[in-house]
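Visitor: Can you read through this structure? Questions will come right after.
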Amino acid sequence: MSKAMSMDFLRPMTWAEALAAKAADPEARPILGGTDVMVELNFDRSRPSALLDLTAIPELAEWELRDGVVRLGAGVPYSRIITELGDLLPGLAIASRTVGSPQIRNRATVGGNLGSASPAGDAHPALLAAGAEVEVESVRGVRIIAVDEFFLGPKRSALQPGELIRAIGIPVTGGPQQFSKIGTRNAMVIAVCSFGIALHPAQRRVGTGIGSAAPTPLRAHAAEEFLGAELDWDGPLDRAVANRFGELVAAAASPIDDVRGTAAYRRHALSVLARRTLTWSWEEYRCV
Amino acid sequence: MTTVDMRYTGSALDRVEGLEKVTGRARYAFENFPADLVYAVPVQAAIARGEIRAVDVDAVLEHPGVIAAIWYGNAPRLVPSDNADLAVFQSRRVAYRGQYIAVVVAETYEEAKEAARLLRVEYAAEDHDVRLRADHPNMYRPEKVNPNYPTDTEHGDPDTALTVAPVLVDATYSTPAEHNNPMEPHATVAEWDGDALTLYDSTQGASGVRDTVAPLFGVPPANVRVISPHVGGGFGSKGGPSPYVIIAALAARHVGRPVKLAVTRQQMFAVTGYRTPTIQRVRLGANADGRLTAIVHDAFEQSSTITEFAEQTTTPTRIMYAAPHRRTTHRLVRLDVPTPSWMRAPGECPGMFALESAMDELAIACQIDPVELRIRNEPDADPESGLPFSSRNLVACLREGARRFGWADRDPAPGVRRRDRLLIGTGVAASTYPVYRRPSQATAQAHRDGRFTVRIAAADIGTGARTVLTQIAADTLRTSPDQVLVEIGDSALPAASLAGGSMGTASWGTAVVRACEALVEGLDRRDGDLPAAGMESSADTTEEIGAQRRLSRHAFGAQFAEVGVDTDTGETRVLRLLGVFAAGRIINPKTARSQFIGGMTMGLSMALFEESIMDLEFGDYLNRDLAQYHVAACADVRDIEALWVEEDDPHLNPMGTKGIGEIGIVGTAAAVANAVHHATGVRIRDLPIRLDKLMR
Chain A
1 MSKAMSMDFL RPMTWAEALA AKAADPEARP ILGGTDVMVE LNFDRSRPSA
51 LLDLTAIPEL AEWELRDGVV RLGAGVPYSR IITELGDLLP GLAIASRTVG
101 SPQIRNRATV GGNLGSASPA GDAHPALLAA GAEVEVESVR GVRIIAVDEF
151 FLGPKRSALQ PGELIRAIGI PVTGGPQQFS KIGTRNAMVI AVCSFGIALH
201 PAQRRVGTGI GSAAPTPLRA HAAEEFLGAE LDWDGPLDRA VANRFGELVA
251 AAASPIDDVR GTAAYRRHAL SVLARRTLTW SWEEYRCV
Chain B
1 MTTVDMRYTG SALDRVEGLE KVTGRARYAF ENFPADLVYA VPVQAAIARG
51 EIRAVDVDAV LEHPGVIAAI WYGNAPRLVP SDNADLAVFQ SRRVAYRGQY
101 IAVVVAETYE EAKEAARLLR VEYAAEDHDV RLRADHPNMY RPEKVNPNYP
151 TDTEHGDPDT ALTVAPVLVD ATYSTPAEHN NPMEPHATVA EWDGDALTLY
201 DSTQGASGVR DTVAPLFGVP PANVRVISPH VGGGFGSKGG PSPYVIIAAL
251 AARHVGRPVK LAVTRQQMFA VTGYRTPTIQ RVRLGANADG RLTAIVHDAF
301 EQSSTITEFA EQTTTPTRIM YAAPHRRTTH RLVRLDVPTP SWMRAPGECP
351 GMFALESAMD ELAIACQIDP VELRIRNEPD ADPESGLPFS SRNLVACLRE
401 GARRFGWADR DPAPGVRRRD RLLIGTGVAA STYPVYRRPS QATAQAHRDG
451 RFTVRIAAAD IGTGARTVLT QIAADTLRTS PDQVLVEIGD SALPAASLAG
501 GSMGTASWGT AVVRACEALV EGLDRRDGDL PAAGMESSAD TTEEIGAQRR
551 LSRHAFGAQF AEVGVDTDTG ETRVLRLLGV FAAGRIINPK TARSQFIGGM
601 TMGLSMALFE ESIMDLEFGD YLNRDLAQYH VAACADVRDI EALWVEEDDP
651 HLNPMGTKGI GEIGIVGTAA AVANAVHHAT GVRIRDLPIR LDKLMR
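In order, the protein sequence lines correspond to chains A and B.
Going by my numbering, the first residue of the first sequence is number 1, and it counts up by one from there.
Going by my numbering, the first residue of the second sequence is number 1, and it counts up by one from there.
Right, dumping it as structure tokens:
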């Protein structure tokens, strides 16, 4: 007779208890909104030894603004990002609106999105473009990981055994930010591909984030460098520059053919999204 | 034929069981818990073709709570029937991947699920063939197509007519496999009492399930009772008992306790039927003025190796347009795939996508407005049978739709209308659905308190059947709906035809009217003086329906769509959808509108989203849940309206109704595809209209 499967359900009331529980059982699977974890359990894709329910820890569901950085608790749901952070984090708020359905936006969190590390996660491109940092913690201490070093592979992140995501630090740039996603229907859809952009006028720099078009979400470094060199921050947007930017973004991706779209289509669409979001951001920047 | 007085029929009565449903009191199949209930979880074949060598039953019996594991090797024998899909566990053969090959019964659902997951099955796999292609060497001509139409028809000399036609359209269209996804997945609870079986099932026809299940277990139909008061959608997938019903009954008999079996959403993609993929070649020959001289429509489809289901894809082409030379054919290939079945408007739905796309191509070739082209080819009588139409108001639908939609002065040039980033286009397609009516029985009972009970084993699968039967009964009984209780959804009630073929209201309504008329007559004879037990009358419409005049009876409609296609990404959104229908008298405008726009939404979904993708390597459908098999979301349906034209047809039934459950889906996909062509100049002949198809 095989061992009957059982799963512990741990519900720490404080962050310290959560870290202790994770240290005691590094295989314990953290759960917040459950919009990814419960699907995995339901489809029997994973069988963690324990579920570590973090929803009772008050500070995870809070955010604060300090020194020009929003420290977003890992458990703040998307619906609150939309209503509370639209001014400070416009790119993430736009991306949040494209997540699932209202019910899912009420449950799902950026912390959970990062924990799952799906290449198609809707928050990732906006975080990459904004230059966010992931604050992770274990009983050993706190580590700050730049978000573009966080994703290691499909559903694999830089989290080490015993570490939990505490918060995400997102700089408030005051510059325009955009996010655009292609889906096969208007709601409740996994991105065919997505793109986030953030202008950092103070640094005369543009941040980018590509989703659903490579094994991990990623920045288009060459495209960012190109804009850094070629953008005339005091003039109108040169069409040729925007087009070249689109090409460089497409070139940064390494998409595949799947049921949602072909690789060729994804590259094409990414160039369109990059050009488009740059144009929108530039219009906003010039109007301010 | 008499006509029902129209006091309550025609009014927008709220659903009579609406409150029960929205408060959760309406009980669905899964929500029945007889004493000593146990749970069954079936096991699906992990190969697409071959044999089951062995199943390790003993190992799972060791698991907590497990009562039985049943497969071919230890299953009780069923009485042989001609339905191979229902002969569960009667053979070692595996006909398709996902076929139910065993079942585990346990005290709880979780225990059964875990044991089913661990059940070791040894197979001898064989090479499988799951790809439909028109030139498949095993294509053959089935003897008939669903439900009982001739496979092929031919009139005149279509080949010569096509050769000499001044204008020729010759195009091949394809539609993918599509799966029904009713809100409520299939479920049944089976309980034996000696040789008597009770099934709480989610079904479109309680009488039909009883008549099919009973002989498999060697008991008379009277020993089987099927209870199904509420059904959360069916669309055809609950038209007859699927294998899971037989498994539940077999398991319940085997373990001697009531058994509950719920089909999961993922399993539904293999075991509850689907719409066959189709490949269709349409050839239209016409004069320069658009008048058709020849219509040829050839369809290629698939079925499983164990059951022949031949969808009637080209049958609407037999009645749509006038042309002296014509041919329709169906060819089928038996593959190692699950058995296809009914999905809303089988035949008409995929067939009219091809025909109405081809008509749009002909309109462009002839430089004639597509509404006018259809009007120009309107036949005087059924073009193949020569029978008169009982009524046919396609032209009225087209004209009224064109007026409401703002079709006049439409510039036919494709790819020229821009609104911001969108290319805008409009499209039209005709719609049709046959008028069926089947014999049914009903009783009507008068109570001494002035109330009435009407009984018939009809099914309300979310259509509003219970409500419209209440309206029909109230008018016939010359009372108000709140005085009438209509009991349906139980095979112990007078036998009725199934909720399918859009024939429920016509079939059941006729029986209800006749039973109520007989009761009124009886009451009139007694001058209203009722015996203490009340009074009951019954009706059986077999004779009446058998004697009805031979006519060509069909509903018609016109679908108009406006789309916006993103010039750079190919994202297509349906901006407006308008359907105008001629479907006899409308009994309830509220529930009727829901049927029409529900069908149209499903047609929009077919046009843009729905596609079951066959995994050629493993031989099953790849996208088996609602996250991957996309149906339209509310956000995809922006502006949708359904209207109907007055139609007074005395040759139908006492209510004067035609069916409305399926016509809404017919033609919608073609209207959308035609609008996409008008918007972009790109003709998509293979559904769905995926964004990468528009950018290639």
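All C-beta atoms, glycine included, are put in the ideal place defined by N, C-alpha and C.
In this text the structure is predicted, and so the values were computed from the model without any measurement.
B:Thr569 CB to nearest chain A CB: under 7 Å?
Guide: Start at 1 with the first residue of the second sequence, and residue 569 of chain B comes out as number 569. Closer than 7 Å to some Cβ of chain A, the Cβ of B:Thr569 qualifies, so yes.
Visitor: I'd like to know whether the C-beta atoms of A:Pro12 and A:Ala21 end up nearer to each other than 7 Å.
Guide: On the first sequence, position 12 is the one that residue 12 of chain A refers to. On the first sequence, position 21 is the one that residue 21 of chain A refers to. The answer is yes: Cβ separation under 7 Å.
Visitor: Looking at C-alpha atoms only, which residue of B:Val631, B:Ala642, B:Gly564 is the closest neighbour of B:His677?
Guide: In the second sequence, the residue the question calls residue 677 of chain B occupies position 677. If we check each option's Cα against that of B:His677, B:Gly564 comes out closest.
Visitor: Quick one, which of B:Ile279, B:Arg257, B:Asp380 has its alpha-carbon nearest B:Ala134's?
Guide: Within the second sequence, the letter at position 134 stands for residue 134 of chain B. The option with the nearest alpha carbon to B:Ala134 is B:Ile279.
Visitor: Counting C-beta neighbours from all protein chains within 10 Å, is the total for B:Met1 16 or more, i.e. buried, or is it exposed?
Guide: Position 1 of the second sequence, counted from the start, is the residue given in the question as residue 1 of chain B. Model confidence at B:Met1 stands at a pLDDT of 43, short of 50, so the residue's coordinates are unreliable; what they give is reported in the following sentence. By the 10 Å Cβ count, B:Met1 comes out exposed.
Visitor: Give the straight-line distance between the Cα atoms of A:Glu40 and A:Ile168, rounded to the nearest whole angstrom.
Guide: Here the question's residue 40 of chain A lines up with position 40 in the first sequence. Here the question's residue 168 of chain A lines up with position 168 in the first sequence. Roughly 24 Å separates the two Cα atoms.
Visitor: If the cut-off is 9 Å on Cβ atoms, which residues from the region 42 to 53 of chain A count as contacting chain B, listed in chain order?
Guide: So the list reads Phe43, Asp44, given in the order they occur along the chain.
Visitor: Mind listing the chain B neighbours of A:Ala187? Cutoff is C-beta to C-beta under 9 Å, in chain order.
Guide: Translated into the one-based positions of the first sequence, residue 187 of chain A becomes position 187. In chain order: Ala633, Cys634, Ala635, Asp636.
Visitor: At a cut of 8 Å, does the region 493 to 512 of chain B reach the region 523 to 531 of chain B through at least three beta carbon pairs?
Guide: Output reads no: the region 523 to 531 of chain B does not touch the region 493 to 512 of chain B.
Visitor: Give the residues of chain A in contact with B:Asp692, contact being defined as C-beta atoms less than 7 Å apart.
Guide: Locating residue 692 of chain B in the second sequence gives position 692, where the first residue counts as 1. Gly261, Thr262, Tyr265, listed in chain order.
Visitor: Starting from B:Lys113, follow the alpha helix (DSSP H) in both directions and report where the run begins and ends.
Guide: Taking the second sequence and counting its residues from 1, the one referred to as residue 113 of chain B is at position 113. Here the alpha helix (DSSP H) through B:Lys113 covers 109 to 118.
Visitor: Which same chain residues end up closer than 7 Å to B:Leu578 when comparing Cβ atoms and leaving out the 5 residues on each side of it in sequence?
Guide: Stepping through the second sequence from its first residue, residue 578 of chain B is reached at position 578. Correct list, in chain order: Gly401, Arg404, Phe405, Phe560, Glu641.
Visitor: By the 10 Å Cβ neighbour count, where 16 or more other Cβ atoms means buried, how is B:Tyr140 classified, buried or exposed?
Guide: As a first step, residue 140 of chain B is located in the second sequence; it is residue number 140 there, counting from the start. That one is exposed.
Visitor: In the DSSP output, which residue or residues are listed as bridge partners for B:Thr198?
Guide: The residue you call residue 198 of chain B lines up with position 198 of the second sequence. According to DSSP, which records beta bridges pairwise, B:Thr198 is partnered with B:Glu191, B:Arg225.
Visitor: Give the list of continuous beta strand (DSSP E) stretches no shorter than 3 residues that lie fully inside the region 70 to 115 of chain A.
Guide: None, since the region 70 to 115 of chain A contains no complete beta strand (DSSP E) of that length.
Visitor: What is the DSSP secondary structure of B:Gln441, reduced to helix, strand or coil?
Guide: As a working note, residue 441 of chain B is residue 441 in the second sequence. Residue state, collapsed to three classes: strand.
Visitor: Residues of chain B with CB under 7 Å from A:Ala269, in chain order?
Guide: Residue 269 of chain A sits at position 269 when you count from the first residue of the first sequence. Simply Thr569.
Visitor: In the structure shown, what three-state DSSP assignment does B:Arg550 receive?
Guide: The residue you call residue 550 of chain B lines up with position 550 of the second sequence. Looking at B:Arg550 - three-state DSSP - the assignment turns out to be coil, as it is neither helix nor strand.
Visitor: Enumerated in chain order, which unbroken segments of the alpha helix (DSSP H) with a length of 4 residues or greater are wholly contained in the region 457 to 532 of chain B?
Guide: Runs found: 465 to 476, 504 to 525.
Visitor: Is the region 424 to 434 of chain B in contact with the region 352 to 369 of chain B, if contact means three or more CB pairs nearer than 8 Å?
Guide: Segments in contact, yes.
Visitor: Among all the DSSP beta bridges, which residues are the ones paired with A:Cys287?
Guide: In the first sequence, counting from the first residue as 1, residue 287 of chain A sits at position 287. In the DSSP output, where bridge partners are listed per residue, A:Cys287 has none listed.
Visitor: For a contact meaning CB atoms closer than 8 Å, what does A:Ile182 contact in chain B?
Guide: On the first sequence, residue 182 of chain A is found 182 positions in, with the first residue counted as 1. Chain B residues near A:Ile182: Thr569, Glu571, Leu691.
Visitor: Can you name the residues of chain B whose CB is closer than 8 Å to the CB of A:Val272?
Guide: Locating residue 272 of chain A in the first sequence gives position 272, where the first residue counts as 1. By Cβ distance, chain B contributes Asp568, Thr569.
Visitor: Go ahead and label B:Gly285 buried or exposed: buried means 16 or more other beta carbons lie within 10 angstroms of its beta carbon, across all protein chains shown.
Guide: Taking the first residue of the second sequence as position 1, residue 285 of chain B is located at position 285. With 16 or more Cβ atoms within 10 Å of its Cβ, B:Gly285 is classed as buried.
Visitor: Within 10 angstroms of its Cβ, does B:Met352 collect 16 or more other Cβ (buried), or is it exposed?
Guide: Working through the second sequence from its first residue, we reach residue 352 of chain B at position 352. B:Met352 should be labelled buried.
Visitor: Quick check on the DSSP output: the alpha helix (DSSP H) that includes B:Cys397 runs from which residue to which?
Guide: Counted from its first residue, the second sequence places residue 397 of chain B at position 397. Segment 394 to 405, the alpha helix (DSSP H) holding B:Cys397.
Visitor: Quickly, what does DSSP pair B:Val121 with across the bridge? List them, please.
Guide: As a working note, residue 121 of chain B is residue 121 in the second sequence. Its beta-bridge partners are B:Val55.
Visitor: Which of the three DSSP states is assigned to B:Val540 in this structure?
Guide: Stepping through the second sequence from its first residue, residue 540 of chain B is reached at position 540. One point to set straight first is that residue 540 of chain B is Asp, not Val, in the sequence displayed. Looking at B:Asp540 - three-state DSSP - the assignment turns out to be strand.
Visitor: Please decide whether B:Met695 counts as near chain A, where near means a Cβ-Cβ distance under 7 Å.
Guide: One-based indexing of the second sequence puts residue 695 of chain B at position 695. It does; some Cβ of chain A falls within 7 Å.
Visitor: Using the Cβ count rule (16 or more neighbours within 10 Å means buried), how would you classify B:Glu610?
Guide: Taking the first residue of the second sequence as position 1, residue 610 of chain B is located at position 610. B:Glu610 is buried by the Cβ-count criterion.
Visitor: 7 Å is my cut-off, CB to CB: does B:Ile613 come that close to chain A?
Guide: One-based indexing of the second sequence puts residue 613 of chain B at position 613. Taking Cβ atoms only, chain A reaches closer than 7 Å to B:Ile613, which makes this a yes.
Visitor: With C-beta atoms as the reference, is B:Ser480 less than 7 Å away from B:Ala177?
Guide: Your numbering for residue 480 of chain B matches position 480 in the second sequence. Your numbering for residue 177 of chain B matches position 177 in the second sequence. Going by C-beta atoms, B:Ser480 is not nearer than 7 Å to B:Ala177.
Visitor: Using a beta-carbon distance below 7 Å, is B:Asn181 in contact with chain A?
Guide: Along the second sequence, read from residue 1 onward, the residue named residue 181 of chain B stands at position 181. B:Asn181 does not count as touching chain A.
Visitor: Can the beta-carbon of B:Asp636 be found closer than 7 Å to that of A:Asn186?
Guide: Position 636 of the second sequence holds residue 636 of chain B. Position 186 of the first sequence holds residue 186 of chain A. Cβ atoms of B:Asp636 and A:Asn186: closer than 7 Å.
Visitor: In chain A, which residues lie less than 9 Å from B:Gln628 when you measure between Cβ atoms?
Guide: For this step, residue 628 of chain B is matched to residue 628 along the second sequence. Chain A residues near B:Gln628: Ile190, Val259, Arg260.
Visitor: If you follow the alpha helix (DSSP H) that B:Thr151 is part of, which residue opens it and which one closes it?
Guide: Sequence index remark: in the second sequence, residue 151 of chain B carries index 151 (1-based). Counting along the chain, B:Thr151 falls outside any alpha helix (DSSP H), and DSSP gives it neither H nor E.
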